[in-house]
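Working notes, structure below.
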Amino acid sequence: MIKTERLLIRRFNENDANDLLEYLAKPRVDCFVPEKITTLEEAVAEAKKRADDDVFYAVELVCEMKLIGNLYLQKGEYGTYDLGWNFNEKYEGKGYAYESAKALMDYAFDVLNARRIVAYTADYNMRSNKLLEKLGMRKEGHFIETISFVNNPDGSPKWESANFYAILAKERK
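Under the numbering used here, the first residue of the sequence shown carries the number 7, and numbering increases by one thereafter.
Written out as structure tokens, the structure reads:
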């Protein structure tokens with residue numbers, strides 16, 4: 007469990023189902039379409055699944071005792087961790103993504119001894135691109151038509167481009 011000024015970063019639990027449904031029912035970025043859920047039963051199952059998965063972190067707004075989003079941090083090879091997030095759009099623009107991602111990055115570097123943290127984001131997702139830069143990460147690459155999460159109306163893959171960001175432990179300020 008990680009506490010910040012306004013947030014609690016913790017494991018998921020079954021009680022998170024309603025709040026999880028609120029933001030996973032309408033994915034705003036194509037990469038979250040595979041996570042889309044439409045019923046409370048699916049949300050309960052997803053909350054239970056995430057509770058047992060050490061990759062996902064629930065982000066709770068303490069003053070409302072409400073799940074407002076999630077982070078993930080997945081260990082890769084050579085001391086590298088992959089960072090990502092998904093937040094309820096009702097809570098965007100208030101600095102919660104930055105506050106929680108910064109705290110999780112600090113945890114990864116200081117406790118997990120991460121050597122490097124990386125993140126991918128859709129090139130059109132300007133908010134996430136700016137957030138990664140605010141977190142001190144540098145853009146290392148731009149991959150053109152690298153992945154597809156959804157199909158075009160004709161059934162063909164909708165290819166998307168992505169930016170790749172990273173930061174080394176020794177580059178932290």
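Don't be surprised by glycine CBs; every beta carbon is placed ideally from N, CA and C.
Only a predicted model underlies this, so the values are computations on that prediction, with no experimental measurement involved.
Mapping the DSSP letters down to three states, classify F170 as helix, strand or coil.
One-based indexing of the sequence shown puts residue 170 at position 164. Of the three classes helix, strand and coil, the one that applies to F170 here is strand, per DSSP.
Over what stretch of residues does the beta strand (DSSP E) that includes K81 continue unbroken?
By one-based count along the sequence shown, residue 81 stands at place 75. Counting along the chain, the beta strand (DSSP E) containing K81 begins and ends at K72 to K81.
For V68, which residues in the same chain have their Cβ closer than 7 Å to its Cβ, ignoring the five residues on either side in sequence?
For the purposes of this step, residue 68 is taken as residue 62 along the sequence shown, with counting starting at 1. A distance below 7 Å between beta-carbons, with the five flanking residues on each side excluded, links V68 to the following residues of its chain, in chain order: R12, L13 and L14.
Could you tell me which of A172, N131, S106 and Q80 sits nearest to E242, measuring between CA atoms?
Because the chain in this structure spans residues 7 to 179, residue 242 falls outside the shown range and cannot be described.
Quick check: I74 and Y97, are their CB atoms within less than 7 Å of each other?
As a working note, residue 74 is residue 68 in the sequence shown. As a working note, residue 97 is residue 91 in the sequence shown. In this structure, Y97 lies closer than 7 Å to I74 by Cβ.
Would the beta-carbon of V124 fall within 7 Å of that of A172?
Here residue 124 refers to the residue found at position 118 when the sequence shown is read from its first residue. Here residue 172 refers to the residue found at position 166 when the sequence shown is read from its first residue. Result yes, Cβ atoms of V124 and A172 sit closer than 7 Å.
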